[in-house]
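Residue numbers (my numbering): 64 to 452. Glycine residues also receive a C-beta, built at the ideal position from the N, C-alpha and C atoms.
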Ligand SMILES: *Cc1c(COP(=O)(O)O)cnc(C)c1O
């Protein structure tokens, strides 16, 4: 296989980056290096740096290099879950440091910062960074700014360029959780982010069969720290999980194009539906995030949320009566999922905070999969009828 050219496209990178044929046999797929340790030719001499599999594993290296290439980054470091990846960045903080995060982050990220990191003496503030003076929200000396864009479940977008520029002026590092957008539609390193993070559990793997995470950076110094943390803490993914994720990645660009076509079509259909109160999908001109999304995203994907008319009981009935949309947490797989944030993913957020954030009782979140669009629409239509009672 030829080495990737400088300008190779994302589809080509997804299939080839970090994955030359295996040198001893020519195997086209990166093998699952299911080994905990490696023979050394003489004491202290390791072949290709391979001493022990917590520190280094070729299947993991291929995955790290492939994702880094997709994000336009120099380095990728994989972890055993998305939260393991969040934790690796959080471990760079020290008592007295301050973290400023967008207000609408993944619940597990909020819990890690608020319940684990803050008690260690790090101040963690969660702020709606779209509607506030950044000089006040991100004061001089802030150590880390955490951005998730688009957010979950309201699909709010933050202006990456404006916030990253301001954060850097204040002396902060910036991490962007790019799980929802994927590098196919948004590449935060291009806006100057110091870290990009993914729960590879979602779109990157895309088949709902692996839990994993990754951090990508362009900085050699930050990469060195991340590798030190990866090896010292040990939250590493196993070779099978890396293999499955690499296999999923190969179709990322094709899957995302279909998620995008069906997501957009369903969002447009819901906007005109008489039993729908409101639709969140930033590629709709009526969405308040439309302008920011146009600036920094080349597409959006399959995440759509909407408010069903009626009470919570009706919403519960709706999400229990779909056939192809499986009632489940998580997102980003080839199969369609449906969930009710108020009593599922966001049940731990107190009702008054949910109301403040705009998470109504009737808010339904769809992860639109890549089944035939006509079947998905018919499935939702029969749920509108079934939930009418
Ligand atoms: C799922 C998710 C995470 C956490 O990842 P896990 O792989 O479940 O640990 C972090 N951020 C976002 C946006 C997510 O959707």
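Proximity test, Cβ basis, 8 Å: residue i and chain D
i           : result
residue 282 : Looking for chain D here will not work: only one protein chain is present.
Simplified DSSP assignment, three categories, for residue i
i           : result
residue 316 : helix
residue 430 : strand
residue 407 : coil
residue 138 : strand
residue 344 : coil
residue 226 : helix
residue 108 : strand
residue 363 : coil
residue 311 : helix
residue 324 : helix
residue 234 : coil
residue 100 : strand
Rounded separation between residue i and residue j - CA only
i           : j           : result
residue 307 : residue 84  : 17 Å
residue 280 : residue 130 : 11 Å
residue 348 : residue 87  : 54 Å
residue 65  : residue 398 : Note that residue 65 scores a pLDDT of 49, beneath 50, so its modelled location is shaky; the value from the coordinates is reported in the next line. Residue 65 and residue 398: Cα-Cα distance of roughly 34 Å.
residue 90  : residue 276 : 26 Å
residue 140 : residue 272 : 20 Å
residue 223 : residue 137 : 20 Å
residue 217 : residue 104 : 56 Å
residue 526 : residue 148 : Outside the modelled stretch of the chain, which goes from 64 to 452, sits residue 526, for which no answer is possible.
residue 134 : residue 258 : 10 Å
residue 82  : residue 449 : 49 Å
residue 381 : residue 245 : 29 Å
residue 77  : residue 316 : 8 Å
residue 202 : residue 335 : 43 Å
residue 242 : residue 366 : 11 Å
residue 80  : residue 309 : 10 Å
residue 106 : residue 207 : 41 Å
residue 393 : residue 265 : 7 Å
residue 128 : residue 122 : 10 Å
residue 444 : residue 111 : 57 Å
residue 292 : residue 219 : 31 Å
residue 125 : residue 420 : 40 Å
residue 249 : residue 227 : 15 Å
residue 31  : residue 313 : Only positions 64 to 452 of the chain appear in the structure, and residue 31 is not among them; the question remains open.
residue 333 : residue 378 : 15 Å
residue 221 : residue 109 : 45 Å
residue 199 : residue 210 : 17 Å
residue 231 : residue 173 : 22 Å
residue 427 : residue 69  : 42 Å
residue 233 : residue 193 : 17 Å
Enclosing beta strand (DSSP E) for residue i [first to last residue]
i           : result
residue 129 : Premise fails: residue 129 lies in the alpha helix (DSSP H), 121–133, not in any beta strand (DSSP E).
residue 188 : 186–190
residue 415 : Here residue 415 belongs to no beta strand (DSSP E); instead the alpha helix (DSSP H) covers 414–420.
residue 280 : 276–280
residue 262 : 258–262
N-terminal and C-terminal residue of the alpha helix (DSSP H) that residue i is part of
i           : result
residue 248 : 245–248
residue 354 : 353–359
residue 79  : 73–79
residue 149 : 145–153
residue 294 : 283–296
residue 176 : Premise fails: residue 176 is in no alpha helix (DSSP H) and is neither H nor E.
residue 438 : 436–449
residue 200 : 197–200
Residues bridged to residue i [DSSP beta-bridge criterion]
i           : result
residue 369 : 342 and 427
residue 377 : DSSP lists no partner for residue 377.
residue 210 : 239
residue 401 : 390 and 429
residue 483 : In the structure as shown, the chain begins at 64 and stops at 452. Residue 483 is therefore absent and cannot be evaluated.
residue 266 : In DSSP, residue 266 forms no bridge with anything.
**Message:** Using a Cβ distance threshold of 8 Å, determine whether the segment 295–310 contacts the segment 330–346, with at least three qualifying pairs required.
**Reply:** no
**Request:** Taking 8 Å as the threshold, find out whether the segment 231–239 comes into contact with the segment 247–263 through three or more Cβ pairs.
**Result:** Between the segment 231–239 and the segment 247–263, the count of Cβ pairs shorter than 8 Å is three or higher; the stretches touch.
**Prompt:** Is it true that the segment 381–392 meets the segment 432–442, where meeting means three or more beta-carbon pairs spaced less than 8 Å apart?
**Reply:** Output reads yes: the segment 432–442 touches the segment 381–392.
**Prompt:** Does the pairing of the segment 201–215 with the segment 152–169 give three or more beta-carbon distances under 8 Å?
**Reply:** yes
**Meets three-Cβ-pair contact criterion under 8 Å: the segment 91–99 and the segment 114–126** = yes
**Prompt:** On the three-pair Cβ rule with 8 Å, is the segment 392–409 touching the segment 350–357?
**Reply:** Fewer than three Cβ pairs drawn from the segment 392–409 and the segment 350–357 lie within less than 8 Å of each other, which leaves the two stretches out of contact.
**Meets three-Cβ-pair contact criterion under 8 Å: the segment 283–293 and the segment 316–332** = no
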